[in-house]
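Protein chains: 6
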Amino acid sequence: METEKEKNAPFPGKLKIFSGLANPDLSQKIANCLNQPLGKVILKRFSDGEFHVEYEENLRGTDVFIVQTTNQPDSHIWELLIMIYAARMASAEGITAVIPYYGYARSDRKSAPRAAIIAKMKADLITKAGANRILTMDLHAGQIQGFFDIPVDHLYAKPVLINVLKNQYNEEIKEGSLLLVAPDSGATTMTRSYAKRVGNVPIAIIDKRREAPNISEVVNIVSSVPIENKTILMIDDLVDTGGTLIGAAEALIKVGAKKIDAQATHPVLSENAIQDIKDSSISNLFVTDTIPISLLKMIDKIKIISVAPLFAEAIKEIHNNGSVSKLFLD
Amino acid sequence: METEKEKNAPFPGKLKIFSGLANPDLSQKIANCLNQPLGKVILKRFSDGEFHVEYEENLRGTDVFIVQTTNQPDSHIWELLIMIYAARMASAEGITAVIPYYGYARSDRKSAPRAAIIAKMKADLITKAGANRILTMDLHAGQIQGFFDIPVDHLYAKPVLINVLKNQYNEEIKEGSLLLVAPDSGATTMTRSYAKRVGNVPIAIIDKRREAPNISEVVNIVSSVPIENKTILMIDDLVDTGGTLIGAAEALIKVGAKKIDAQATHPVLSENAIQDIKDSSISNLFVTDTIPISLLKMIDKIKIISVAPLFAEAIKEIHNNGSVSKLFLD
Amino acid sequence: METEKEKNAPFPGKLKIFSGLANPDLSQKIANCLNQPLGKVILKRFSDGEFHVEYEENLRGTDVFIVQTTNQPDSHIWELLIMIYAARMASAEGITAVIPYYGYARSDRKSAPRAAIIAKMKADLITKAGANRILTMDLHAGQIQGFFDIPVDHLYAKPVLINVLKNQYNEEIKEGSLLLVAPDSGATTMTRSYAKRVGNVPIAIIDKRREAPNISEVVNIVSSVPIENKTILMIDDLVDTGGTLIGAAEALIKVGAKKIDAQATHPVLSENAIQDIKDSSISNLFVTDTIPISLLKMIDKIKIISVAPLFAEAIKEIHNNGSVSKLFLD
Amino acid sequence: METEKEKNAPFPGKLKIFSGLANPDLSQKIANCLNQPLGKVILKRFSDGEFHVEYEENLRGTDVFIVQTTNQPDSHIWELLIMIYAARMASAEGITAVIPYYGYARSDRKSAPRAAIIAKMKADLITKAGANRILTMDLHAGQIQGFFDIPVDHLYAKPVLINVLKNQYNEEIKEGSLLLVAPDSGATTMTRSYAKRVGNVPIAIIDKRREAPNISEVVNIVSSVPIENKTILMIDDLVDTGGTLIGAAEALIKVGAKKIDAQATHPVLSENAIQDIKDSSISNLFVTDTIPISLLKMIDKIKIISVAPLFAEAIKEIHNNGSVSKLFLD
Amino acid sequence: METEKEKNAPFPGKLKIFSGLANPDLSQKIANCLNQPLGKVILKRFSDGEFHVEYEENLRGTDVFIVQTTNQPDSHIWELLIMIYAARMASAEGITAVIPYYGYARSDRKSAPRAAIIAKMKADLITKAGANRILTMDLHAGQIQGFFDIPVDHLYAKPVLINVLKNQYNEEIKEGSLLLVAPDSGATTMTRSYAKRVGNVPIAIIDKRREAPNISEVVNIVSSVPIENKTILMIDDLVDTGGTLIGAAEALIKVGAKKIDAQATHPVLSENAIQDIKDSSISNLFVTDTIPISLLKMIDKIKIISVAPLFAEAIKEIHNNGSVSKLFLD
Amino acid sequence: METEKEKNAPFPGKLKIFSGLANPDLSQKIANCLNQPLGKVILKRFSDGEFHVEYEENLRGTDVFIVQTTNQPDSHIWELLIMIYAARMASAEGITAVIPYYGYARSDRKSAPRAAIIAKMKADLITKAGANRILTMDLHAGQIQGFFDIPVDHLYAKPVLINVLKNQYNEEIKEGSLLLVAPDSGATTMTRSYAKRVGNVPIAIIDKRREAPNISEVVNIVSSVPIENKTILMIDDLVDTGGTLIGAAEALIKVGAKKIDAQATHPVLSENAIQDIKDSSISNLFVTDTIPISLLKMIDKIKIISVAPLFAEAIKEIHNNGSVSKLFLD
């Protein structure tokens, strides 16, 4: 039975958004942006740990969006798979897996002779379970879109972040003292893209190399401009243990950098990452809310910028068969 | 490079057995029964919890058996999926998923309008990842074999257990004082089958019913013989919280049962099951080693009977294209 | 060209119901409940017995329901497969196979080492032919839903039957003389469920066992109440040769049962079932019309209760994307 | 356990030939040609008509050939599907469906707007059930090979039949009085091919046409030589009711043909075909044993030529990875 | 953003027609018939020849028709596959591949032991890329419809051509001097079908045969009427090098035919076909515009009849879920 | 029939190598390395351009390797697909597509909103046609392995090239005057990997950027060492028009580089690449023979290093179920 309130929702009838257990705050924010309540679903664990999903709303013929980030690699994915499968068997018409952070994205190549490309297997399983479309953000490698046999709508956090950064470094940009740094060679392309958008600032690349197995790593700064007195902003798609960023920061400080900030879309922040960042020479770390950070662990250095409006806009356009290409600012 | 030792193994060359992280003791026992070392594989977690598999032996053209029980519902299954996928991509010729306890087997029917049959989805994912065959034991429902589109070799623990039980209850069987009890109506068929094999002993069924939502449950004993002075052996495929067995035991004691034992293939033993069993009127609980029980939690009442020889025999026959039907004693 | 009459039908345009050859009476009743004519289709056999289907109405973009029960195992299924395939190739948008009686449901487990789970193969073929959804009733085992990779809407005859039974046994229920009996251990769960709904009446189970291959079967009555002077209602999902029910009835009569009735959703009634029932101590056999009974063979003892209204209601809700969970009374 | 006899069979171990119920004589002849006993399998019908398959030999890793012709459209196909499926689930390594007569082959095109190409659906289902290869003969249209997504080995009866015909018409060929006739335009290509092989004899085509729905059909003989005093051999792939052949024969007799024979690979012979042929001006009808003819119905006019040696040779080559192209004489 | 003009188009919103590079004139004519502009799409080649597709209109939820004939075997098919795939990944709801001439259709049978049925592989690839439906015309063999696992709407050029021919040969039909000729045995059925429609005119068949490899081919005319003084119209589905038609024409002229015309739906016209036809005794060649003929090569003898209205009508009906069976005049 | 010569080949019986039309010289070299003749196959075009494949050797049960590089985007891929499909339908047991240069690899990401990831579609089609395994070299992005659902054996040209380079720049390495340069940011990782292997030489990156659409591109050299007097070796996976390399060379010369060489695995060399390179400041261009260079166009500056031994070794190991991981030097 639809309530009065539901009838007056902006997308009555067919659009339904459900939140998995991984990042309920982001799901709620997305729903709020759309002025639409989250769908009702029972998500529980039995005493032996087995997961149980039971949708409390009729899904027949509806356009279902399941929001579940996948930073906790086993349970988040497993819950997502079951939620998708249950929705398919409940006769949902469209099922979009909304995966703000696509975990295992770094397993996108064969890292050793008989290792697996897990990001591909994950794509296969999500499709097998029954998803018709993926909505995700800042994949570690753009090629991961090609792991799917269903349409992938890939958002960039950039439109939201660039605004923040332009404000933040307004002065440095004007006086030419801002330098964008790729903390490792893999981040070069992303750093270049930000450098162009922020205002054609120069870039440098950190080239860490170990000459022999038992010799300690040498951090090389490959740059076209001197580092001295520069305000540094390191750019990456994710921050995990923080080791790469912190190591780079130490090297940059040594050669005279004035201030070191960093920006990463996905705050994985595993192990002692937060404490290590607190203790490091990094002044500010800009991240988004694709992954939740426990309130208990939060520190001032970390600034969270919400991507909920971007996801909400994309969901609205997808549901209405509108174009989301305007959101694809690369 | 094959070592001398490997060359002298009884199944040189093509048969390889790998153990997942779920039940390494059972895997080792199976390997021992086959006089064959377990295959070498790196199984590790990265700092953010993502799982990594890397086979350290060439798998091209080999017949791989991956032993992984799935009592821990998310991680055991997820690890299994990745191990299967990695083996397939490393060009293994045959991949058998050996799953002594098939978790989620109780999710074999639609328990609510928009709930999922997770045991089916699990079967689909295992097949999608790349398994060619399943080897499992005492499925909660035989129909689960039909969830797979690949051959399933389904073992029964019965041949091993019946021997133990016949010994144990030798005297009671002779004097006609043994009664086998199905602790709920779902266990009726299994109980009947044991009753026949143990020596045509009578059975009874526990019929628990709640007349109305706010009235407490009534435990009914449906039996063709009086319970008084009987030695009771309850039969089930698994013991989870132990609640069903313990409740049945109390009811049976009340009507004069002499002694209460129980037998269940899979010792899930979640929550306080072990403590509750310790405190209950159950004297002995016979289980197998399809699921490991932590040494710290072990109690005297629990007797473990190993099914490793059964699995070893089945693996040998499957690999050699022999028949395993002789192991399928129903 | 749509006729005036078709335009005024309650589901103009997209919903189309076609009847196979297996149970045209039920199809017509379902159509009548929906105030909608059956779709026009040529179904014929060529001289060599090959089947030919030709839809005489445009199916492009329509929501097709094909009603075909499958008690005649080869031809009913084969006709259904061809009707589904022809509808898919004629660009129907949705194709629901309405299978009131799902034949081969008893082949739901591996009954012998190299036998097949035919109920699973049948599910695979129906899906391969092109069905998008299954609508069926009282499956022999609930797990058969998991044999399908498409949504299954599973109806229970219970809501209709319980009403009839409550009326029929009004007095016995009041005076506590009604006993529900499971004619074999497989029917225990279904019997319990009816016992609860009809008014919390007690149950008994027939446990037939053969001690050795050459010794005749012993029929054991496992019961918590005495059988004497009880009015018995045996509950099963189907009645095939009638042997199980008749054997149970004789055993119950012997121990003093007052009157024996039986109820089974699907009247397979193969071989001499009808004559045998006529000659037996069973007084009434309640069945539904999922399988047609030839008028020539009908006897007074058999009472047919139509499930057409249930199927009609389900088809209407499915077509309108409504919820059918209210029909899923378990 | 292998018996001594099995060990001495010419293809010990892996090759196994099973016969369905459709044409056991042909199966036995094929097995005899290979000096190999037919595999043991239980094929039975339950009282309600449901089919049951149970292989009595271990199939693990074997190369299984299932011989089942499909002239009885529903039951032969259905039995074949179950036999294939059971063999797959019993872990057979290779499964070849040997289908001497591929029924429904005339349903190879869309004969009406919303009719089905049943020959294609049949191919899909056989593949879905688990066949890896098809071995068949004289398909009604060569394009049916393209309906399969698995290899099809397609035999021609021609090599066997041409020998017989050359003998039979030795004299007529020499004196130039033999005329090969296509009984309808669809048989033109096959007739030409035989004409070339038999010894470059001329051909004619029967062009039956109805000028208007209510006017009787006119039989036109399109020929480059006069019919008078010719010995006629009509060529077709199958004979069903016999109507086409008999009608053509009458027309040919009218214009002075001396003697009329006919040849068709597959003797479907439905309805009153045998009696009608007996009563017609056709003198001899040459057919093969792809379809069995009941002894009771046999008449002298019908001459059966066995194709068992061809099938045996093909099975041997396929099993040994030899080439069967030498058997593909077109 | 939709322009005013687009809003006023007869199928606003969801129907979109895109043209590949193979036959843009036909695409434009089809669009004109529908009063709808062609969709905007960038189709280009990079410097190394790789093809690039980029739709310049939002496709989400639209019904896309991609018109691409496939006479240039590699590039036309390859471009079509990429256009289909890109449309699927851009979330088009329906994708119809409109293939006026289905190239490789003559590879519809196994022409040699280890040759491929390429028309089937092509069907598989088109489906794998993402097409939901095929719209094509005058397939070389009707069975090719069965190569697809998706609906095929198969148009006949006949309704358009018959009108032209009836006009053209009005007098000859009246006086009985028109003879329709199948230039080889494969064209017999098509020729008969035209003969009936044009006005029950007689037919003849050209039977070309080579008695031995080193002897020149003999052209045999199989006819029921004398050729002398007849006006001949040869009928075929396609004209490739023209050799078959020209050879037949010479033979017919020799035996006194008055005038020779020919008609073929698909003007492949490879190699020197046009010059050869110019130099031959063929007076008129009627073809359609399923394949474009370069203006530079056009000659007076070739008359082009457009099938654009037929395709436009079919597209309209398909999009509106109407019936196209009225267009399927066989 | 096997000839004496074939019987004495080092891999008698099952291994067969066939060459497509794209790079027959490389195929021959690979076969020579294996002392095995290339398999016999007819590859021809009909007059209308349609491709025809006919294997002249029995493939049943063989392990087929089809060598076809795919620099000519449409025809090479199309020919490969047909060769694979024909081999599958001829019952080959294993089919490995050996694709030295995987064309369309740069289409590995969505370059525009409604563009396609063609490298993924190509992978899907190759798999659909029937390949079981891929053997390729220096993919433009390692993630392309994840586009396949079958095993990919990915070779690196590095082991062969490093040897050549170490020799070539022996002196420069000793005196520290060698600088490896990534000609654009995408080549950074590959350049780093070579720098490490050649002897821990420094790297620089060319960062080309256009500040506004109508302003000419600025070439920035991001380096940790001065360019002056350095011998430069630019590293990339492929050279297409040569524009990137030539532009980078000009910029490096301007800032005092002593000598400029370049190295790229795949010599696409489209348009005027060869002439442009001849005219540029590049002294030497090291490439492999994954793509053939026409003799007519060869110039002295281009040095070709054969990768045939690497492919031969990989084929041998794959066929023998050996490990190729020793060839995977990253």
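Chains as they are written, first to last, in our numbering: chain C, 521 to 850; chain W, 521 to 850; chain L, 521 to 850; chain B, 521 to 850; chain D, 521 to 850; chain R, 521 to 850. Cβ coordinates follow ideal geometry from the N, Cα and C atoms, glycine included.
*Closer than 8 angstroms to chain D by CB, R:M609*: yes
*Do D:T616 and D:A651 come within 8 angstroms of each other at the CB atom, strictly closer than that value?*
yes
*For D:S697, which residues from the same chain have a beta carbon less than 8 angstroms from its beta carbon, with the 5 sequence-adjacent residues on both sides left out?*
N749, K750, T751, K778
*Looking at the C-beta of L:G706, does it have a partner C-beta in chain D at a distance below 8 angstroms?*
no
*Do L:L601 and L:L645 have their C-beta atoms within less than 8 angstroms of each other?*
Yes.
*Going straight from the alpha carbon of C:R653 to that of L:G842, what length do you get?*
24 angstroms
*Check whether the segment 547–560 of chain R touches the segment 609–628 of chain D, counting contact only when three or more Cβ pairs, one atom from each stretch, lie closer than 8 angstroms.*
no
*With a cut-off of 8 angstroms, does the C-beta of R:G614 fall near any C-beta of chain B?*
no
*Does the Cβ-Cβ distance between W:F667 and L:F668 come in under 8 angstroms?*
In this structure, L:F668 does not lie closer than 8 angstroms to W:F667 by Cβ.
*How close, in whole Å, do the beta carbons of L:M754 and L:V701 come, if the pair is a contact with beta carbons under 8 angstroms?*
5 angstroms
*How about B:Y575: is its C-beta nearer than 8 angstroms to some C-beta of chain L?*
yes
*In chain order, what residues of the same chain lie with their CB nearer than 6 angstroms to the CB of L:I597, ignoring the 5 residues before and after it?*
Within the same chain, L:I597 has close Cβ partners T590.
_Would you say D:N652 lies against chain C (beta-carbon separation less than 8 angstroms)?_
no
*Taking C-beta pairs closer than 7 angstroms, name the residues in chain D that C:P557 reaches, listed in chain order.*
Neighbours of C:P557 on chain D: none; closest Cβ ~25 angstroms, over 7 angstroms.
_By the DSSP assignment, the alpha helix (DSSP H) with B:M603 in it spans what residues?_
593–609
*Name, please, each residue of chain W whose Cβ falls closer than 8 angstroms to the Cβ of B:N578.*
N841, G842, S843, S845
*Closest Cβ-Cβ distance between B:Q592 and chain L: below 8 angstroms?*
yes
*Determine the burial state of L:V561: buried for a count of at least 16 other Cβ atoms within 10 Å of its Cβ, exposed for fewer.*
buried
_Quick test of your reading: W:T808 and W:A677, contact by CB under 8 angstroms. State the CB separation rounded to the nearest angstrom._
5 angstroms
_Between which two residues does the alpha helix (DSSP H) holding C:Q783 run?_
C:Q783 -> not in any alpha helix (DSSP H); beta strand (DSSP E) instead, spanning 779–787.
*asked:* Measuring alpha carbon to alpha carbon, tell me which residue in C:V718, C:I802, C:I811 is nearest C:L789.
replied: C:I811
_Please confirm whether B:R729 has its beta-carbon closer than 8 angstroms to some beta-carbon of chain D._
yes
*Beta carbon proximity, C:F581 to chain L, threshold 8 angstroms*: Looking at the sequence provided, one finds Gly at residue 581 of chain C rather than Phe. It does: the Cβ of C:G581 has a partner Cβ on chain L nearer than 8 angstroms.
*Sort C:E577, C:D781, C:G540, C:R729 by Cα distance to C:Q592 and report the nearest one.*
C:G540
_My assumption, with CB atoms under 8 angstroms, is that L:I693 sits in contact with L:G719. Please give the rounded CB distance._
Contact flag correct, Cβ pair sits at about 5 angstroms.
*Have a look at B:G581, B:R565, B:F585, B:N792 and flag the residue whose alpha-carbon is nearest the alpha-carbon of B:G559.*
B:F585
*Please confirm whether D:H839 and D:L535 have their CB atoms less than 8 angstroms apart.*
yes
*D:F566 to R:Q688, Cα distance in whole Å?*
34 angstroms
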